[in-house]
Every structure is written in structure tokens, then in C-alpha cells.
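In my numbering, the protein residues as written are 11 to 211. In this text, a Cβ means the ideal position worked out from N, Cα and C, and glycines have one as well. These notes are about the structure you will find just below.
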Amino acid sequence: FTFVNDSVCRTLLYTREELLGKNFNFSVPPDEVKNMFLAFNEVFRTGQPNKTFPHRILRSDGKTLYAESSIELRRDDTGQPIGFRSISRDVTERAKAELALKQSEERYRALFDSSLELVYVHDFEGKMLDANRAVLELLGYHKEDIPSLNFASLLDPEDLPRAVEALKGDDRPGLGREMREFKLRRKDGSYVFIETQASRI
Numbered sequence: 011f012t013f014v015n016d017s018v019c020r021t022l023l024y025t026r027e028e029l030l031g032k033n034f035n036f037s038v039p040p041d042e043v044k045n046m047f048l049a050f051n052e053v054f055r056t057g058q059p060n061k062t063f064p065h066r067i068l069r070s071d072g073k074t075l076y077a078e079s080s081i082e083l084r085r086d087d088t089g090q091p092i093g094f095r096s097i098s099r100d101v102t103e104r105a106k107a108e109l110a111l112k113q114s115e116e117r118y119r120a121l122f123d124s125s126l127e128l129v130y131v132h133d134f135e136g137k138m139l140d141a142n143r144a145v146l147e148l149l150g151y152h153k154e155d156i157p158s159l160n161f162a163s164l165l166d167p168e169d170l171p172r173a174v175e176a177l178k179g180d181d182r183p184g185l186g187r188e189m190r191e192f193k194l195r196r197k198d199g200s201y202v203f204i205e206t207q208a209s210r211i
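Shown next as C-alpha cells:
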């Protein structure tokens, strides 16, 4: 470090005197050092700045923060590289929120796929957007078949008017929560009876 502002000192919990002259690696988690080197090395080799480099940093108390930095090559009056200029911002709260969202989505997906109940999602035109393993196994389809499926094409033609009526309804959040019985056509042409309840999302 040849220059740090007050924000760097407050974020890392070091004084300016403690930071100046030190290699930046001491403030980087060991498993992050290689990525940092590669990012700086690419800027050095190409001369092109990296405006959004995500990485982690270590505070003096051992706490890990998430940061997003820009990296720009500094040159002297003759055009020779003499170092780098970086501007960083603390994005720890955003990173934590994104991680929590990812974990929540993974838990939802695990519950969705492992449920013994038939769980499926379709749009207002009946186009199938997603279906769990129980649906696919019952109807004889595979995951890659989902985009080509339409709920209307799976219904017994006699049930279609009732299904359309249920979908039209009004705009109340609880629309369709009552159980309804339909016949669905399997891939082999045979039919199965299901009881289903729907809710808008």
C-alpha cells in the first residue's frame, strides 16, 4: 500500500501507519490470494481496468467482509507501469442477502423435487413452467419435456371448461384453493384421476 484513505482504515480497522508499506495480501483470506493475483495480473498484462472485481477482505479482528473493487493500472510520465489504483466498496450485507436467497431457493427446490404430492407451475395460458418428480413419474414424462407441455393438453377434454372457469375467476389471492377433481392424460394415453388445488403466485 502506498496510499489509503480514511474509509480503508475504518473498514479494515487499521491505522494508516499500520497499512502503508504493507503488501495487500495480509488483508486477504489465504484462499483468495490467487484470485487477487490473477485479477491484478490481467490488468497489468492487458492495461484494461477491471471495474467490478468481487473478493473478500480480512479485518484486523479476523472478520471477513465482502467487497467489490475496481482495479486500474497506474503509469508514470513515460507510460511505464508503476502500480495499481483501486476503489473498493463494502458489499457484505448484499452478499449475505444473496447467499441467504440462494440457500432459500435451494431448500425450496429440494422440498419441491422430493415432495410425494404432485406440484406443478403453469402460466395463465396453461404453459407448464415447472413440475416435480412426482408429476413426471405419474404422467410418464421427463424434465426436458416440461417446456413442451400445456396443462390444457393434459386434461380430459370434458374437464377443460371447468379448468378454464377456475382460472378465470376473480383476482382474490385465495382463488382456486378449494379441491377440484380432474382427469389427466398420461404420455401413454391412459388417464389418471387427481384432486388438485391451485393458488396464484
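With a contact defined as Cβ atoms closer than 8 Å, N45 and V53 miss out at about 13 Å. One thing to note: G136 has its Cβ within 8 Å of the Cβ of A162. Taking one beta carbon from each stretch, the stretch 15-29 and the stretch 64-75 have 3 or more pairs nearer than 8 Å; the two touch. Ranked by Cα distance from G150, the options T12, D86, S200 and P39 are led by S200.
In this structure, I92 and R84 form a Cβ contact; the two beta carbons are roughly 5 Å apart against a cut-off of 8 Å. Between I81 and F50 a beta carbon distance of about 6 Å is seen, short of the 8 Å cut, so the two are scored as contacting.
N160 carries a strand assignment under DSSP once its states are collapsed to helix, strand and coil.
In this structure, R190 is the residue among R190, K153, A144 and E108 with its C-alpha nearest to the C-alpha of L165. Looking only at A208, V18 and S17, the smallest Cα-Cα distance to V129 is reached by A208. The distance from the Cβ of S96 to that of S79 is about 5 Å, consistent with a contact at the 8 Å cut-off.
Non-local beta-carbon contacts of F203 in its own chain, meaning distances under 7 Å to residues more than five positions away in sequence, involve E191 and K193 in chain order. If you draw a straight line from the Cα of E154 to the Cα of Y118, it is about 20 Å long. Around the beta-carbon of F47, fewer than 16 other beta-carbon atoms lie within 10 Å, marking it exposed. Listed in chain order, the non-local C-beta contacts of R196 below 8 Å within the same chain comprise L148, L149, G150 and V202, local neighbours out to five positions each way being set aside.
Of all alpha-carbon atoms in D41, P39 and Q90, the one lying nearest the alpha-carbon of R55 is that of Q90.
With fewer than 16 neighbouring CB atoms inside 10 Å of its own CB, A107 falls in the exposed class. The C-alpha of D133 lies about 55 Å from the C-alpha of F11. Listed as beta-bridge partners of T25 by DSSP are no residues whatsoever.
Between L30 and V43, the CB-CB gap reaches or exceeds 8 Å. Just measuring C-alpha positions, the residue of A144, E115, E127 and F63 sitting nearest V101 is F63.
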